[in-house]
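Peer 1: full-length UniProt numbering numbers the first residue of the sequence shown as 1 and each following residue consecutively.
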Amino acid sequence: MRPTLELTGSKEDKSKYSPPQTNAVNEAPLLGNSNHHQSNNVDHHHEVSGGTTTAAVFGIIKAMVGPAILYLPHSFADAGYAFAIIALWVCTALYLFTANRLLTTWKYVVQSQPGRRKQPEAVSPSSSSGGDSQQQQQQQQQEDGYNSYMEFEMTNLTAKGGVGQTSPTNTAAVAVASSSSQHHPTITKRRNTNKQLSAADSVCSENSSSNDKEVTIYDVESSPATDKTTSISYSKLARMAYGDLGESIVRTGITLMQLGVCLTYFIFVPHNLSTSIHKMTKLEIPFWICLVGMVVIEIPLSSIRNVSKLVTTNVIATCLIGFGLAACLFLATEYYTAEYSMVQGAADAVNSYNNNNNNNGEGAENENYDDDMWEQEYTVPAIRHLSPWNDHWYLFIGTSVLLFEGSITLCLPLQEALEVPDAATRFPVLYNQTITSIVLFYTVFGYLCWSAFGDDVSTVLTTSLPEGILATMVQLAYSVAVVFTFPLQIFPALEIIVQTYETHLQGDTDIVVQLDSNRRRLVVAVVIVLLAFIAQMEKDNLGKVVSLMGSLLGCPLAFVFPPLIHSKLVPNANKKLDSMIAGFGVMAMIGATLITLVTWKEAGEQRRLVIESSTTLTRFFQ
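1) Under 7 Å Cβ to Cβ from residue 458, same chain only, skipping five residues before and after it: list those, please.
2) Quick one: is residue 35 buried, meaning 16 or more other Cβ sit within 10 Å of its Cβ, or exposed?
3) Let me know the secondary structure DSSP gives residue 394 once reduced to three states.
4) How about the segment 234–247 and the segment 471–488: do they share at least three Cβ pairs that are nearer than 8 Å?
5) Please classify residue 282 as buried or exposed, where buried requires at least 16 other C-beta atoms within 10 Å of its C-beta.
6) What do you reckon, are the CB atoms on residue 251 and residue 235 nearer than 8 Å?
7) Counting only the same chain and skipping the five closest in sequence on each side, list residues whose C-beta sits under 7 Å from that of residue 484.
8) Just reading off the alpha helix (DSSP H) that residue 528 is part of, what are its end residues?
9) Below 8 Å on the Cβ atoms is my contact criterion, and I expect residue 579 with residue 401 to pass it. Report the Cβ-Cβ distance as a whole number of Å.
10) On the CB-based measure, 16 or more other CB atoms within 10 Å of its CB, does residue 270 come out buried or exposed?
11) What's the C-alpha gap between residue 588 and residue 556?
12) Using 10 angstroms around the beta-carbon of residue 124, count the other beta-carbons present and answer buried if the total reaches 16, otherwise exposed.
13) Taking DSSP as the reference, what is the three-state secondary structure of residue 454?
14) Where are the alpha helix (DSSP H) runs, 4 residues long or more, that stay fully inside the UniProt domain "Amino acid transporter transmembrane" (227–332), in chain order?
15) Excluding the 5 residues preceding and the 5 following residue 335 in the sequence, name in chain order all residues of the same chain whose CB lies nearer than 8 Å to its CB.
16) Are the segment 284–299 and the segment 568–587 touching, with three or more C-beta to C-beta distances below 8 Å?
17) Taking Cβ positions, are residue 481 and residue 98 nearer each other than 8 Å?
18) So, using beta-carbon positions, are residue 527 and residue 548 closer together than 8 Å?
19) Evaluate residue 210 with the Cβ neighbour count: other Cβ atoms within 10 Å of its Cβ, from every protein chain shown; 16 or more gives buried, anything less gives exposed.
20) Should residue 439 go down as buried or exposed, given a rule of 16 or more other Cβ atoms within 10 Å for buried?
21) Using a Cβ-Cβ cutoff of less than 6 Å, which residues in the same chain neighbour residue 387 once the five nearest sequence positions on both sides are dropped?
22) Hey, residue 461 and residue 70: beta-carbon distance below 8 Å or not?
23) Could you give the first and the last residue of the continuous alpha helix (DSSP H) run that contains residue 558?
24) What's the C-alpha gap between residue 287 and residue 536?
25) Rounded to the nearest angstrom, what separates residue 154 and residue 598 at their Cα positions?
26) Look at the alpha carbon of residue 471 and the alpha carbon of residue 328, and state the distance between them as a whole number of angstroms.
27) Any idea if residue 415 is buried or exposed, counting beta-carbon neighbours within 10 angstroms, 16 or more meaning buried?
28) What does the Cβ neighbour count give for residue 389, buried or exposed, with the cut at 16 atoms within 10 Å?
29) Take residue 545 as the anchor and find which of 91, 56, 66, 262 has the nearest alpha-carbon.
30) Comparing C-alpha positions only, which one of 279, 413, 332, 233 sits nearest to residue 57?
31) From residue 247 to residue 500, what does the alpha carbon distance come to, in whole angstroms?
32) Pair every Cβ in the segment 392–400 with every Cβ in the segment 416–430, then say whether three or more of these pairs are closer than 8 Å.
33) Which word fits residue 504, buried or exposed, when buried means at least 16 other C-beta atoms lie within 10 angstroms of its C-beta?
34) Pull up the distance between the alpha-carbon of residue 144 and that of residue 538, whole angstroms please.
35) Rank 436, 590, 455, 562 by C-alpha distance to the C-alpha of residue 92 and give the top, closest one.
36) Tell me which same chain residues have a C-beta within less than 7 Å of the C-beta of residue 331, skipping the five on either side of it?
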């Protein structure tokens with residue numbers, strides 16, 4: 001039976017029980033089929049069978065490929081092709097190393113605790129008191145929500161192209177939220193409370209014998225469930241290694257990363273929309289108007305707690321992103337080919353002109369004309385003058401790391417979902433091959449688009465596309481895709497924020513607090529408006545925002561914690577190598593973060609001087 005998401009009894013009662021070592025689901029499996037069996041005399045049973053390797057590949061692509069790829073051409077231009085390519089592939093090698101460290105740790109933990117896969121005995125309804133019927137109805141409601149979520153995830157995993165770099169943390173939080181009931185008391189004291197928990201909290205199951213109720217506390221990773229796999233998330237491994245502090249740090253980092261990605265969405269979409277509207281209607285729509293429109297749309301969408309209702313919008317977003325990437329490559333290739341043909345045509349014209357002049361005896365006067373003509377009129381800087389190293393190379397460190405954030409916490413759920421022994425054994429190799437292929441695509445995409453559109457390519461690639469119907473369609477498609485992706489992206493962060501606020505309200509009392517729907521919507525609105533306000537302030541610094549997120553948040557999540565967790569939990573680990581990789585991650589985090597902040601401050605000072613100069617000139621002429 002899937003565990004009920006309720007807390008029963010006071011805090012003092014709960015503290016007396018320790019977690020039993022039984023099977024559980026911490027993060028909803030991303031692969032496989034969901035079967036739901038109902039009976040009047042048996043528990044509701046539901047299994048998740050092993051997924052296929054094809055679905056696993058789609059899952060990896062879904063987490064990796066999203067709007068962030070559109071920042072690559074500008075990042076290549078900032079860094080230069082030599083540094084960008086080297087940095088991207090060094091980060092790839094380090095990421096694959098740390099991801100495999102995480103998979104190795106998971107394998108060791110699972111093998112060292114075989115009892116975790118043992119199924120608990122079901123509690124017969126006939127042995128329960130009448131008060132348990134309400135609990136069974138709640139459990140049934142939760143299972144129905146879980147089944148809806150499984151259909152939602154399976155639909156997503158069969159679509160190529162990704163949905164905006166959705167983090168696997170979404171999976172954990174979404175699975176919990178989709179199984180929660182719709183009515184929540186604000187405060188309940190010493191009675192059944194439908195308190196929603198995250199993947200990092202505890203879940204309670206209530207068994208009744210005679211008139212006394214026994215409250216059993218389970219870790220969500222070891223709570224009674226019928227899923228065949230033991231679910232151990234990234235944050236759970238952090239807790240095993242470094243206690244509650246380690247888990248809190250990882251969860252906080254993932255939450256801030258999710259909010260940061262949503263912040264980039266609030267910058268990306270208004271820029272995209274204003275550009276496309278201008279190309280279609282020649283009207284200048286201010287950034288803030290598009291931003292306000294997006295806020296108005298996202299607040300109600302982000303307030304939806306049953307994510308199965310978002311399945312349609314999510315599929316649409318996936319298709320639109322796939323269309324957008326294909327169209328960007330087509331336009332870049334066409335633009336590149338057209339300019340190359342122009343250069344070749346110019347060369348032929350120059351040669352023909354010189355041959356005619358030589359035949360007429362005028363070649364001496366024009367012997368350098370072909371060079372001048374080539375350099376001044378027919379040079380294509382985007383093709384011929386790509387720099388191997390540029391001044392803003394340091395910004396690419398954070399950008400390259402950010403590309404992997406969506407995958408580092410997804411590798412464990414995908415590994416767990418592959419129950420077929422051969423597929424599960426091959427998964428680390430499959431994971432490495434898929435990530436390598438995606439990074440190869442990133443390299444070609446970034447270099448080709450930079451080559452086609454030149455050093456002045458915008459931070460958001462779609463705003464640099466040549467004017468035309470296809471370019472406008474791409475801009476609109478990506479805008480709609482990101483708007484539809486936003487609710488899933490921000491969902492886990494909102495859940496953690498709400499739970500933290502509830503815990504703060506609860507304090508040290510035995511009163512269990514849960515926000516009702518209206519108060520939760522208020523929290524959602526406040527968070528979204530705050531992100532929009534920051535986006536308005538930093539609308540011209542998208543590249544620096546992306547770099548800061550990757551360096552400050554992505555480096556520890558991708559490069560620091562996995563080797564440290566591996567070193568702590570695996571007895572035969574190469575501790576020196578793990579420490580060296582973690583140390584490199586710390587240095588990259590500190591160095592790239594400081595440089596980004598310093599240049600950010602300098603840019604702010606320059607902007608302030610420009611504004612002051614403009615104001616002075618205006619007053620002078622007045």
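No residue lacks a Cβ here, since even glycine has one placed at the ideal position from N, Cα and C.
Peer 2: Answer, in terms of the structure:
1) Residue numbering aside, residue 458 sits at position 458 when the sequence shown is read from its first letter. The answer, listed in chain order, is 74, 464.
2) Here residue 35 is taken as the residue at index 35 of the sequence shown, counted from 1. Low per-residue confidence applies at residue 35: pLDDT is 37, beneath 50, and the placement is therefore not dependable, though the value from the model is reported in the following sentence. With fewer than 16 Cβ atoms within 10 Å of its Cβ, residue 35 is classed as exposed.
3) As a first step, residue 394 is located in the sequence shown; it is residue number 394 there, counting from the start. Looking at residue 394 - three-state DSSP - the assignment turns out to be coil, as it is neither helix nor strand.
4) no
5) The residue labelled residue 282 in the question sits at position 282 within the sequence shown. With fewer than 16 other Cβ atoms within 10 Å, it is exposed.
6) Your numbering for residue 251 matches position 251 in the sequence shown. Your numbering for residue 235 matches position 235 in the sequence shown. Yes, the pair counts as a contact, with Cβ atoms nearer than the cut-off.
7) The sequence position of residue 484 within the sequence shown is 484, counting from 1. Excluding residues within five positions, the ones whose Cβ falls inside 7 Å are 313, 314, 316, 317.
8) Along the sequence shown, read from residue 1 onward, the residue named residue 528 stands at position 528. First-last of the alpha helix (DSSP H) with residue 528: 517–537.
9) If you number the sequence shown from 1, residue 579 lands on position 579. If you number the sequence shown from 1, residue 401 lands on position 401. Residue 579 to residue 401, Cβ: 19 Å. No contact.
10) Start at 1 with the first residue of the sequence shown, and residue 270 comes out as number 270. Under this definition residue 270 is a buried residue.
11) Mapped onto the sequence shown, residue 588 falls at position 588. Mapped onto the sequence shown, residue 556 falls at position 556. Cα to Cα, residue 588 sits roughly 9 Å from residue 556.
12) Numbered from 1 along the sequence shown, position 124 holds the residue referred to as residue 124. A caution first: residue 124 carries a pLDDT of 40, below 50, which makes its placement in the model too unreliable to give a value.
13) Against the sequence shown, residue 454 aligns to sequence position 454. Correct three-state label for residue 454: coil.
14) 234–281, 287–302
15) Locating residue 335 in the sequence shown gives position 335, where the first residue counts as 1. Correct list, in chain order: 452, 453, 466.
16) no
17) By 1-based counting over the sequence shown, the position of residue 481 is 481. By 1-based counting over the sequence shown, the position of residue 98 is 98. Cβ atoms of residue 481 and residue 98: not closer than 8 Å.
18) The residue you call residue 527 lines up with position 527 of the sequence shown. The residue you call residue 548 lines up with position 548 of the sequence shown. Going by C-beta atoms, residue 527 is not nearer than 8 Å to residue 548.
19) Residue numbering aside, residue 210 sits at position 210 when the sequence shown is read from its first letter. Summary for residue 210: the model assigns pLDDT 37, below 50, so the residue's position carries little reliability, and this model does not support an answer.
20) Start at 1 with the first residue of the sequence shown, and residue 439 comes out as number 439. Buried is the call here.
21) In the sequence shown, counting from the first residue as 1, residue 387 sits at position 387. 80.
22) Here residue 461 is taken as the residue at index 461 of the sequence shown, counted from 1. Here residue 70 is taken as the residue at index 70 of the sequence shown, counted from 1. Yes; because the gap between Cβ atoms is below 8 Å, this pair is in contact.
23) The residue labelled residue 558 in the question sits at position 558 within the sequence shown. Neither: residue 558 is in no alpha helix (DSSP H) and is coded neither H nor E.
24) Numbered from its first residue, the sequence shown carries residue 287 at position 287. Numbered from its first residue, the sequence shown carries residue 536 at position 536. The straight-line gap from Cα to Cα measures roughly 8 Å.
25) In the sequence shown, residue 154 corresponds to position 154, counting from 1. In the sequence shown, residue 598 corresponds to position 598, counting from 1. Unreliable positioning characterises residue 154 in this predicted model, as indicated by a pLDDT of 40, which lies under 50. A coordinate reading is not provided.
26) On the sequence shown, residue 471 is found 471 positions in, with the first residue counted as 1. On the sequence shown, residue 328 is found 328 positions in, with the first residue counted as 1. Going by the C-alpha atoms only, they are around 8 Å apart.
27) As a first step, residue 415 must be located in the sequence shown, where it is residue number 415. Buried, since its Cβ has 16 or more Cβ neighbours within 10 Å.
28) The sequence position of residue 389 within the sequence shown is 389, counting from 1. Under this definition residue 389 is an exposed residue.
29) For the purposes of this step, residue 545 is taken as residue 545 along the sequence shown, with counting starting at 1. With distances taken between Cα atoms, residue 545 lies closest to 262.
30) Counting from one through the sequence shown, the residue named residue 57 turns up at place 57. The option with the nearest alpha carbon to residue 57 is 413.
31) Your numbering for residue 247 matches position 247 in the sequence shown. Your numbering for residue 500 matches position 500 in the sequence shown. Spanning the two alpha carbons is a distance of roughly 14 Å.
32) no
33) Within the sequence shown, residue 504 is the residue found at index 504, counting from 1. Looking at its Cβ environment, which holds fewer than 16 other Cβ atoms inside 10 Å, residue 504 is exposed.
34) Counted from its first residue, the sequence shown places residue 144 at position 144. Counted from its first residue, the sequence shown places residue 538 at position 538. At residue 144 the pLDDT is 45, less than 50, meaning the model places this residue with poor confidence; the figure from the coordinates comes in the next sentence. In a straight line, the C-alpha of residue 144 is about 42 Å away from that of residue 538.
35) Mapped onto the sequence shown, residue 92 falls at position 92. If we check each option's Cα against that of residue 92, 436 comes out closest.
36) One-based indexing of the sequence shown puts residue 331 at position 331. The answer, listed in chain order, is 465, 466, 470, 471.
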